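Using our numbering, the first residue of the sequence shown is number 51, and each one after it goes up by one.
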Amino acid sequence: MKYVQPPKAYWLIFLISLGTVLFTGCGAKAPESGKQQGTQVLLNKIDTSDVDGKTEIVIEGTEPILQYTSFQLTEPLRLVVDISDADISKFQSKINVNNGAVVDITPSQKDTIARLEVALSQAVDTKVYQSGGKLMIELAKPVEEAKAAPEAASPAPPQQEQPKQEQVPQPEQKNTATVVSAVQSSANKEGVRVVILGNGTMSPNVFMLKDNRLVVDIPGAKNMVRPSVVPVRKGGLARVRVAQHSDKVRVVLDLTKPLEYTVTPEGNTLIIAMAPTTVAKLEEKRPQERTAAQEPEKVSTMEKEVPATQEAASVVSPAGKKEEVEAGKKELRLSDTTLLGNGKKYTGRKISLDLQDADLINVMRLFAEVANLNIILSPEVKGRVTVRMVNIPWDQAMDIILKMNGLGYVLEDNVLRIASVSALTKEAEDEMRSKEAKKKAEDLITRIVPVNYAKAGEIEPTIKKSLSLRGETVTDTRTNTLIIKDLARNVDEVVSLIKLLDKPIAQIMIEARIVEASLTFSRSLGVQWGGTSSSDASHGNPLGISFPNSVGITGGPTMGTTASGSGNYFVNMPAPAGAGTGGGAIGFTFGSLSKSLNLDLVLSALESTGEGKVISTPRVSALDNKEAKIEQGSSIPFSTTSASGTQIQFIDAKLSLIVTPHATPDNKIFMKIQATKNAPDTSLLGASGQPSIAKNEATTEILLADGETAVIGGILVVDRSQAFTKVPFFGDLPLIGWLFKSKTTSENKKELIIFITPRVIRQEVI
């Protein structure tokens, strides 16, 4: 074949076509970065200046800066500003500022996000906002500089009193520490000890803040301690935090209770010894103070002098509206592992959110940054968020946002996984099915368990609920034994349950005391008086008339022998026992020499007192929830006559105690009690001369402590009476009326009291 060279025009067409293809291909492969228009903001200017007593940082770019995120972190203390779709390659090295609270600015590039880390010498108020396409960062001046600034003509508000600093005396040495290299801690029964190591002598300033934080400032030193937080959690010291300030190293000791402290320099070390205060030693039973995760979120001016774990974040939507998140002081994690968090108690720090059309992925990353958690997002996580929440826990805010988008989370250690609810539910169901499959593949074992105190048949229904579907139980009533067949772990669980249920029943001794007391009293006062009078010749006092020439006057019929022996009474009202035969009596006889006039007077009195007491003490022992009964007495026969003849019926007159006790777990005893004390009463006889039955009964329910005595019932009967016997008209006369009447007073008291005392019978363990 002969090769024919193509014309030059063909070569020209070929080269033009090839150039077109290459140019088009390069244009197609150019990456689209930044905004939706395909442009990326190139940051070309970062300026710092003092404006109105504040430090202002101005960031400019080739395009307006509309979307950014800012948050404040500690350890070390810094403000982080992320600018989306931005290029900061123009700034490669750290920018030293040393103006106010700003130490320096460190730029870095992460994918399409430009990050500025503003190192701070202490925690100050910050404000990040967008103005005219520029990003403005305002930082308040430190407390010391603000005090030194000239005051305005108007009176300034009173400044908060600063804690008094203690200058620890130092020996004169030439080698002053320039580096703090390590912090060590130890605790024992006496207290806690913290040792700060440096490369020379240290002259610290020490002061205590009101919220139990001890601050140690080491001037002229640089912080080389890693890690910057040393957890202790012993002896009243929660942790030790170390941070770098502009010209000093600050060591903060977070205390959980008041401690007495001493600071002693020894060579290249600084020893801080702390022990409980005298008041704290006397209050050892005082409840523990709240942990660091439960501290209030208000930060005072004095607290701001020490680097606090305070974070703040703000998000600006593409429309330019500022959205701000203010978080609390401490880093908190979710309190438990849950799928959706329904019904749980939220423990996160309170924040405020104002988001407008924010990207869901960025919002979730913000929550992870605030909670200091690792986060894994499922590909299903996407969408936009517009919410406004004020002062709610951050975990509740995240929960609400996830629910709005049909998402859930699972916390495993410090890793937060976020996916759709259906995916997490399916994952849980798959895990459950996997466990069930493993259970079905396991071998069954058989165990024989003897039951000592309970009945095997009674506890069998209870333990069946703890068996798997493959498990079964058999009861041997002759030996009171349970035969259990199931998976090994289920059998172990059932055996433990049987040991809890198979316990000896408590035995209780109940003692009752039935006390019957009686008191009788009676008093009688009586009078008898009378006499004779004669006017005749035999007595030497005749009347001197023809008729009647003699007259005789005597009392009524005699009721007994009187002191005079006449027995003739005008008034005969003695004491009921009778004068001269019972009680006491005194007689008076008045007469003339001629015995023509005789007067007899007898005063009688009777008083009787009686007292009786009957104490019955029945005792009975019973098992828990079992009725016990004890009785003692007699059955009295009573005859009844009817058409069918005479029948004999026995009526019980007895002392009895019926009780059903129950011992509660808190060492109390609940009892149903019936106490009876019936006895024959001969003072009241029936028609056939049979005695009546005097009944004393009490029925009640009561709850008592072990060994406690209580009165469950009492009856008091008081019978008082007063009677007068008198001569009409004369007995009503004042004073002399007592010569014409008698008085009888009586009082009878009967009292019934029933006491009860339960005691649990405890067996001594040898």
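Note that CB positions come from ideal geometry on N, CA and C, so glycine has one too. Just so you know, these numbers come straight off a predicted model, no measurement behind them.
Three-state secondary structure (DSSP) of residue i
| i | result |
| --- | --- |
| residue 407 | strand |
| residue 456 | coil |
| residue 711 | strand |
| residue 317 | coil |
| residue 339 | Residue placement at residue 339 is flagged as unreliable, the pLDDT there being 39, under the threshold of 50; a coordinate-derived value is accordingly withheld. |
| residue 537 | coil |
| residue 622 | strand |
| residue 416 | helix |
| residue 729 | strand |
| residue 584 | strand |
| residue 227 | coil |
| residue 809 | strand |
| residue 655 | strand |
| residue 173 | coil |
| residue 392 | Note that residue 392 has pLDDT 47, beneath the 50 cutoff, so the model's placement of it is unreliable and no number is given. |
| residue 518 | coil |
| residue 207 | At residue 207, the pLDDT of 42 sits below 50, so the modelled position is not reliable and the matter cannot be decided from this model. |
| residue 384 | Legend: pLDDT at residue 384 = 39, less than 50; position of this residue unreliable, value from coordinates given subsequently. Note: residue 384 maps to coil in three-state DSSP. |
| residue 609 | With a pLDDT of 44 at residue 609, under the threshold of 50, the modelled position of this residue cannot be trusted; read the value that follows with caution. Coil. |
Those residues which DSSP pairs with residue i across a bridge
| i | result |
| --- | --- |
| residue 287 | 284 and 305 |
| residue 232 | 247 |
| residue 311 | 324 |
| residue 145 | 155 |
| residue 186 | 108 and 179 |
| residue 240 | Partner(s): none; residue 240 has no beta bridge. |
| residue 279 | 291 |
| residue 160 | 163 |
| residue 98 | 107 |
| residue 799 | 569 and 768 |
| residue 401 | 442 |
Integer Cβ distance of residue i from residue j, believed to fall under 8 Å
| i | j | result |
| --- | --- | --- |
| residue 568 | residue 800 | 5 Å |
| residue 561 | residue 807 | 5 Å |
| residue 427 | residue 318 | No, residue 427 and residue 318 are not in contact; Cβ-Cβ is about 49 Å, not under 8 Å. |
| residue 135 | residue 91 | 6 Å |
| residue 115 | residue 185 | 5 Å |
| residue 288 | residue 309 | Wrong, their Cβ atoms sit about 11 Å apart, outside the cutoff. |
| residue 3 | residue 437 | Because the chain here runs from 51 to 816, residue 3 falls outside it and cannot be looked at. |
| residue 530 | residue 549 | That belief does not hold up - the Cβ atoms of residue 530 and residue 549 are roughly 15 Å apart, past 8 Å. |
Beta carbon of residue i nearer than 8 Å to that of residue j
| i | j | result |
| --- | --- | --- |
| residue 756 | residue 809 | yes |
| residue 405 | residue 464 | no |
| residue 313 | residue 301 | no |
| residue 490 | residue 441 | no |
| residue 245 | residue 290 | no |
| residue 713 | residue 804 | no |
| residue 797 | residue 571 | yes |
| residue 154 | residue 144 | yes |
| residue 705 | residue 683 | yes |
| residue 532 | residue 510 | yes |
| residue 707 | residue 680 | yes |
| residue 559 | residue 811 | yes |
| residue 275 | residue 242 | no |
| residue 501 | residue 552 | yes |
| residue 187 | residue 107 | yes |
| residue 118 | residue 137 | no |
| residue 773 | residue 794 | yes |
| residue 674 | residue 685 | no |
| residue 294 | residue 126 | yes |
| residue 395 | residue 411 | no |
| residue 709 | residue 678 | yes |
| residue 577 | residue 789 | yes |
| residue 574 | residue 672 | no |
| residue 282 | residue 235 | yes |
Closer than 7 Å: residue i CB and nearest the ligand PLP heavy atom
| i | result |
| --- | --- |
| residue 472 | Summarising the ligand content, the structure contains no ligands, and the ligand PLP is consequently not present. |
Please specify which runs of the alpha helix (DSSP H), each continuous and at least 4 residues long, are wholly inside the segment 423-485, giving them in chain order.
-> Fully contained in the segment 423-485 are the following alpha helix (DSSP H) runs of length 4 or more, in chain order: 444-454.
Ignoring anything shorter than 3 residues or poking outside the segment 481-515, list the beta strand (DSSP E) runs there in chain order.
-> If one requires a minimum length of 3 residues, the beta strand (DSSP E) runs lying completely within the segment 481-515 are 495-500, in chain order.
Please go through the segment 744-791 and give each complete beta strand (DSSP E) segment of 3 or more residues, from N-terminal end onward.
-> Qualifying beta strand (DSSP E) stretches, in chain order: 747-755 and 760-776.
Mind listing, in chain order, the continuous beta strand (DSSP E) runs of no fewer than 3 residues lying wholly within the segment 522-578?
-> 522-526 and 531-536, all fully within the segment 522-578.
If you scan the segment 664-721 from start to end, which runs of the beta strand (DSSP E) of 3 or more residues do you find wholly inside it?
-> Segments of the beta strand (DSSP E) lying fully in the segment 664-721: 669-673, 678-692 and 695-713.
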